[in-house]
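Participant: Residue numbers -15 to 335, in my numbering, belong to the letters of the sequence shown in order. We put the beta carbon where it would ideally sit given N, CA and C, even for glycine.
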Amino acid sequence: MNSMTIYFVAGEVSADNHGAALMRSLRELDPGLTFTGRGGPQMQAVAGKQFKNWLGDAAVLGLWEVLRKYGYFREQFRETLKEVLESKPDAVVLIDYPGFNLRLARALRRRSPRQKIIYFISPQVWAWNRGRIKGMARSLDLVLCIFPFESDLYNESGLHAIFVGHPMIERLQAQKIDAERDPNLIGLFPGSRLREVRKIFPVMIETARLLLQDNPSLQFEVAAASEELAQEISELLAINPLTRAREEKATEQGFEVIQIAVGETAALMQRAFVGIVASGSATLEAAYYRMPFVLIYKVAWPTYLGARLVVNVEYLGMPNLLAGKEVVPEFIQHRADPAARAVIEEISDGA
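1. Alpha carbon to alpha carbon, how far is I130 from G247? Give it in angstroms, no decimals.
2. Alpha carbon to alpha carbon, how far is V127 from D14?
3. State the DSSP-derived secondary structure class of Q34, mapped to helix, strand or coil.
4. My output table needs one value for Q215: the three-state DSSP class, helix, strand or coil.
5. Given a threshold of 16 other Cβ atoms within 10 Å of its Cβ, counted over all protein chains shown, does Y(-9) qualify as buried or as exposed?
6. Taking the straight line between their C-alpha atoms, what separation do you get for I101 and R58?
7. Got a sec? Which residues, its chain only, sit under 6 Å from T18 by beta carbon, not counting five neighbours each side?
8. For V2, count the other beta carbons within 10 Å of its own beta carbon; 16 or more makes it buried, fewer makes it exposed. Which is it?
9. Excluding sequence positions up to five away, which residues of its chain have a Cβ less than 7 Å from the Cβ of G238?
10. With a CB to CB cut of under 7 Å and the five nearest residues on each side skipped, what residues in its chain are close to K118?
11. Measuring only the C-alpha atoms, how far is E123 from I244?
12. Alpha carbon to alpha carbon, what distance is there between A251 and A89?
13. I need the straight-line Cα distance from Y299 to P132, nearest angstrom please.
14. Pairs of beta-carbons, one from the segment 151 to 169 and one from the segment 251 to 266, closer than 8 Å: are there three or more?
15. Which ranges does the alpha helix (DSSP H) cover as unbroken runs of at least 4 residues, wholly within the segment 149 to 219, from first to last along the chain?
16. So, with DSSP's three-state summary, where would you put L124?
17. Between L213 and the ligand NAD, is there a pair consisting of the residue's CB and a ligand heavy atom that are separated by less than 7 Å?
18. Could you pull the start and end residues of the beta strand (DSSP E) that F147 belongs to?
19. Just to confirm the assignment: which complete beta strand (DSSP E) runs, minimum length 3, are found wholly within the segment 253 to 288?
20. Could you tell me whether the Cβ atoms of A222 and A214 are closer together than 8 Å?
21. Pull the bridge partners of L78 from the DSSP assignment, please.
22. Among residues of its own chain, excluding the 5 on either side of A4, which ones have a beta-carbon nearer than 6 Å to its beta-carbon?
23. Would you list the one or two residues that DSSP bridges to G18?
24. Look up F315 in the DSSP assignment and give the residues it is bridged to.
25. For V241, which of helix, strand or coil comes out of DSSP?
26. May I ask you to report which of helix, strand or coil DSSP gives G301?
27. Within 10 angstroms of its Cβ, does D0 collect 16 or more other Cβ (buried), or is it exposed?
28. Between L156 and the rest of its own chain, which residues show a CB-CB distance below 8 Å, the 5 nearest in sequence each way excluded?
29. Should V311 go down as buried or exposed, given a rule of 16 or more other Cβ atoms within 10 Å for buried?
30. Counting along the chain, where does the alpha helix (DSSP H) carrying K72 start and finish?
31. Quick one, are the C-beta atoms of G259 and G171 less than 8 Å apart?
32. Alpha carbon to alpha carbon, how far is L39 from E(-4)? Give it in angstroms, no decimals.
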């Protein structure tokens, strides 16, 4: 019996992590499975060298950033479609990344009507366009949902969906540590995309400066998702005049006010007294570890204004969306001042 082949497409760091976990689970059920497609280093490590790591170029944020790389994505789309049509895998698994993956699903359904297409981590159409569900039903065979209300929504619309639970829970459980929270430590979580970090981290630096004015004994630690992002964060710190003088003084005293740690997100969330977190999956991780935090987010203004036209939810952060109210303060496109005040309130409440 020939082994089955599954073609994966993932375009973001979190999707790469979830895809790798799914691959490992599938291999436990059938060690002979072959995985092809494109994603990140975690998926490539499981699948082998034939799997393409395109994450450095694919992980962009927002409409404006996508338009700037339109030519690249058009070429990648053509290559991906060609690879699937020529290789005829037993199934295609699309992980999140709806701008690319939903379009790919439609093209595959037109060109190869019998191709099995599965969507893992469904797009948040309940937040921005429920009308797309009918179109999704024509393209997809199955949706694997990570929130229970999603499967009900899809099934009611005629799209077969199953609630499978959130894939990060097992990973977060495995990364639990026995640690006490440091009352002087503030965790900074600027995101996992380069452009995202470039937009958000300067706001975090300014927030740190304002917090230090209120309490000079505070220290800050930044969770970098990769060595590349750690280098970018280091460069942003080096050129920022708001922190340079204070860092020089701190160095003379034998410590750094803002430290950078790679791959230590879970540990930092369990050690920090309060966090400042970019919107995204990290907000759910912070909630899981019960770290008090404020949410900040900043994108290019064309992206923000475009999103305002189509998004029909009151909150951006998933903890607030799930709770149906603001349990975490949100600061979107804001300067640092209100975020700093909110952090001070969180510190006071937890003291």
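Facilitator: Straight from the coordinates:
1. As a first step, residue 247 must be located in the sequence shown, where it is residue number 263. As a first step, residue 130 must be located in the sequence shown, where it is residue number 146. About 24 Å.
2. Here residue 127 corresponds to residue number 143 of the sequence shown, with the count starting at 1. Here residue 14 corresponds to residue number 30 of the sequence shown, with the count starting at 1. Distance from the CA atom of V127 to the CA atom of D14, rounded to whole angstroms, is 21 Å.
3. For this step, residue 34 is matched to residue 50 along the sequence shown. Coil.
4. Residue 215 sits at position 231 when you count from the first residue of the sequence shown. Note: Q215 maps to helix in three-state DSSP.
5. Looking up residue -9 in the sequence shown gives position 7. Buried.
6. By 1-based counting over the sequence shown, the position of residue 101 is 117. By 1-based counting over the sequence shown, the position of residue 58 is 74. Each residue's Cα considered, the two are about 21 Å apart.
7. Here residue 18 refers to the residue found at position 34 when the sequence shown is read from its first residue. For T18, where only same-chain residues beyond five positions count, the Cβ hits under 6 Å are S(-13), T(-11).
8. In the sequence shown, the residue the question calls residue 2 occupies position 18. The sequence shown places His at residue 2, rather than the Val named in the question. Buried, since its Cβ has 16 or more Cβ neighbours within 10 Å.
9. Against the sequence shown, residue 238 aligns to sequence position 254. Reliability of the predicted coordinates at G238 is poor, the pLDDT of 40 falling under 50, and the value obtained from them is presented with this limitation in mind. So no residue of the chain qualifies.
10. On the sequence shown, position 134 is the one that residue 118 refers to. S141.
11. Counted from its first residue, the sequence shown places residue 123 at position 139. Counted from its first residue, the sequence shown places residue 244 at position 260. Per the sequence presented here, residue 123 reads as Ser, with Glu not at that position. Whole-angstrom Cα-Cα distance: 43 Å.
12. Here the question's residue 89 lines up with position 105 in the sequence shown. Here the question's residue 251 lines up with position 267 in the sequence shown. Each residue's alpha carbon lies about 38 Å from the other.
13. Locating residue 299 in the sequence shown gives position 315, where the first residue counts as 1. Locating residue 132 in the sequence shown gives position 148, where the first residue counts as 1. C-alpha separation (whole angstroms): 19 Å.
14. Pairwise C-beta distances place the segment 151 to 169 in contact with the segment 251 to 266, as three or more of them are shorter than 8 Å.
15. Taking only runs of at least 4 residues, the alpha helix (DSSP H) segments lying wholly in the segment 149 to 219 are 152 to 158, 178 to 198.
16. Working through the sequence shown from its first residue, we reach residue 124 at position 140. Look at L124 here: in three-state DSSP terms it is coil, with no helix or strand label.
17. Looking for the ligand NAD in the displayed structure turns up nothing, as the structure carries no ligands at all.
18. Numbered from 1 along the sequence shown, position 163 holds the residue referred to as residue 147. Element bounds for F147: 145 to 147.
19. Secondary structure remark: continuous beta strand (DSSP E) runs of at least 3 residues inside the segment 253 to 288, in chain order: 256 to 262, 277 to 281.
20. The residue given as residue 222 occupies position 238 in the sequence shown. The residue given as residue 214 occupies position 230 in the sequence shown. Their beta carbons are not under 8 Å apart, which means A222 does not touch A214 by this criterion.
21. Along the sequence shown, read from residue 1 onward, the residue named residue 78 stands at position 94. V(-7), Y103.
22. Mapped onto the sequence shown, residue 4 falls at position 20. Within the same chain, Q26, M27, V30 come within 6 Å of A4 by CB-CB distance, once the 5 residues on both sides are set aside.
23. If you number the sequence shown from 1, residue 18 lands on position 34. Just to set this straight, residue 18 is Thr in the shown sequence, not Gly. In the DSSP assignment, T18 forms a beta bridge with T(-11).
24. The count along the sequence shown starts at 1 and reaches residue 315 at position 331. Note: F315 sits in a beta bridge opposite I280.
25. By 1-based counting over the sequence shown, the position of residue 241 is 257. Reduced to three states, the DSSP call for V241 is coil.
26. Taking the sequence shown and counting its residues from 1, the one referred to as residue 301 is at position 317. In the displayed model, G301 falls within coil according to three-state DSSP, outside both helix and strand.
27. In the sequence shown, residue 0 corresponds to position 16, counting from 1. Counting Cβ neighbours within 10 Å, D0 comes out buried, since at least 16 surround it.
28. Sequence index remark: in the sequence shown, residue 156 carries index 172 (1-based). Within the same chain, L156 has close Cβ partners A250, E269, Y272, Y273.
29. One-based indexing of the sequence shown puts residue 311 at position 327. V311 is exposed by the Cβ-count criterion.
30. Here the question's residue 72 lines up with position 88 in the sequence shown. Neither: K72 is in no alpha helix (DSSP H) and is coded neither H nor E.
31. Here residue 259 is taken as the residue at index 275 of the sequence shown, counted from 1. Here residue 171 is taken as the residue at index 187 of the sequence shown, counted from 1. Result yes, Cβ atoms of G259 and G171 sit closer than 8 Å.
32. On the sequence shown, position 12 is the one that residue -4 refers to. On the sequence shown, position 55 is the one that residue 39 refers to. The alpha-carbon of E(-4) is positioned some 6 Å away from that of L39.
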